[in-house]
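Sequential numbering of the sequence shown, starting at 146, is according to the working numbering. Heads up: the structure comes next, in structure tokens.
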Amino acid sequence: MKLYLECASGISGDMTVAALLDLGADEGTLRQALASLPVEGYRVEISRVFKAGLDACDFAVLLDEALENHDHDMEYLHGHSHDHTHDHEHDHDHDHHEEHGHDHPQDQNHPHPHAHRGLPDILQIIQAGALTPGARALAERIFTILAQAEAQAHGVPLEQVHFHEVGAVDSIVDIVAAAVCLDNLGVTEAVVPVLNEGSGFVRCQHGMLPVPVPATLNIAAQQGLNLHILPVEGELVTPTGAAIAAAVKTEDTLPERFRVVKTGYGAGKRHYSVPSLLRAMLIEPM
């Protein structure tokens, strides 16, 4: 089956999983696969939401309080100072920005002690899960692409890249979920023409980074992804989203003629001037 990812509003891990579920990936298969992983500290919610008046699927990883972060907090992400208390009734954008800032000493001012996981640790977790061979191989490929980009960004060897506990949990769930859904749908080819990205700055664990963030740029350069910068302030393409797109992409040009088999919409959690939606299509060339 051929997949077309229309990343007009960017792409993130949660948006991708939601769009694939909307395309018909089996929720029961996904939940069983995630439950088989030796990972704790989160729960998954799958629901329907409206974005720009369109009915879309929402895939949310809700972290336990000890692992909570500010990724749903727009003022915090864009550098505005205020009291950063957690409101658990807000949408939690678990994929945006958790990857930034690996391989660092513990921040003594951080309220929660967090462990770190290296790429071999995460690959071991993926291998321990009850996944099909295809889903496991794809999840490993996505995480390796992400780790290679982070290694370049931080100027360290691949084996020294460490994912902060918060980022590791979110990324493992998003990446494994995307791989399981792609495998379940039987996707063997994917058209990814361009990733629309924003600009400006976004807060990472230890400061502000320019958008596109370095890891996303590295993935685009290393994997041949096409970027288009929109006049939008904000991070539309996350490293996890870029890594998923890179792992599945087989071509960047749509067939001249094709039939749309099914369309799925995946909702993001951030609020920018463009609707946070990823549209995915299963297509048949004619």
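The beta carbon of each residue, even a glycine, is placed where N, CA and C say it ideally should be.
*Could you say which of K147, V325 and L199 lies nearest to A170 if we only look at CA atoms?*
That would be V325, whose Cα lies nearest to the Cα of A170.
_Pairwise C-alpha distance: V336 and T398_ = 6 Å
*Inter-residue spacing [alpha-carbon to alpha-carbon] between V301 and S192*: For V301 and S192, the distance between alpha carbons rounds to 39 Å.
*CB G413 to CB L423, shorter than 9 Å?*
yes
*asked:* Considering only their Cβ atoms, is the gap separating Q269 from R281 smaller than 9 Å?
replied: no
*Where Q305 and S316 are concerned, what is the direct C-alpha to C-alpha distance, given to the nearest angstrom?*
18 Å
*Based on Cα-Cα distance, which residue from L276, A425, T289 and T277 lies nearest to D266?*
T289
*asked:* On the DSSP letters alone, give me the boundaries of the beta strand (DSSP E) that I428 sits inside.
replied: L422 to P430
*Whose C-alpha, out of L372, I320 and G379, is nearest the C-alpha of G343?*
G379
_Using DSSP's beta-bridge definition, name the partner residues of S192._
For S192, which the question treats as bridged, DSSP gives the partners D203.
*Report the residue from G198, G411, P355 and D159 whose alpha carbon sits nearest the alpha carbon of A298.*
P355
*Can you check the stretch 288 to 314 for any beta strand (DSSP E) of at least 3 residues that lies completely inside it and give the ranges in chain order?*
307 to 309
*Proximity winner among E334, V419 and T383, relative to R348 (alpha-carbon distances)*: T383
*asked:* At 3 residues or longer, what runs of the beta strand (DSSP E) sit wholly inside the stretch 313 to 389?
replied: 334 to 336, 340 to 344, 346 to 349, 352 to 355 and 372 to 378
_For G274, three-class secondary structure by DSSP_ = Reduced to three states, the DSSP call for G274 is coil.
*In terms of residue numbering, what span does the alpha helix (DSSP H) encompassing T174 cover?*
E172 to A180
*asked:* So, for G194: in the same chain, excluding its five sequence neighbours on each side, which residues have a beta-carbon less than 7 Å away from its beta-carbon?
replied: Going by the sequence as given, residue 194 is Val instead of Gly. Closer than 7 Å at the Cβ level, and outside the excluded window around V194, lie A201, D203 and A412.
*A322 CB to nearest chain C CB: under 9 Å?*
Of the protein chains in the structure, only one exists, and it is not chain C.
*Can the beta-carbon of D159 be found less than 9 Å from the beta-carbon of Y187?*
no
*Are A425 and T408 touching if we call contact CB-CB under 9 Å?*
Closer than 9 Å, so yes.
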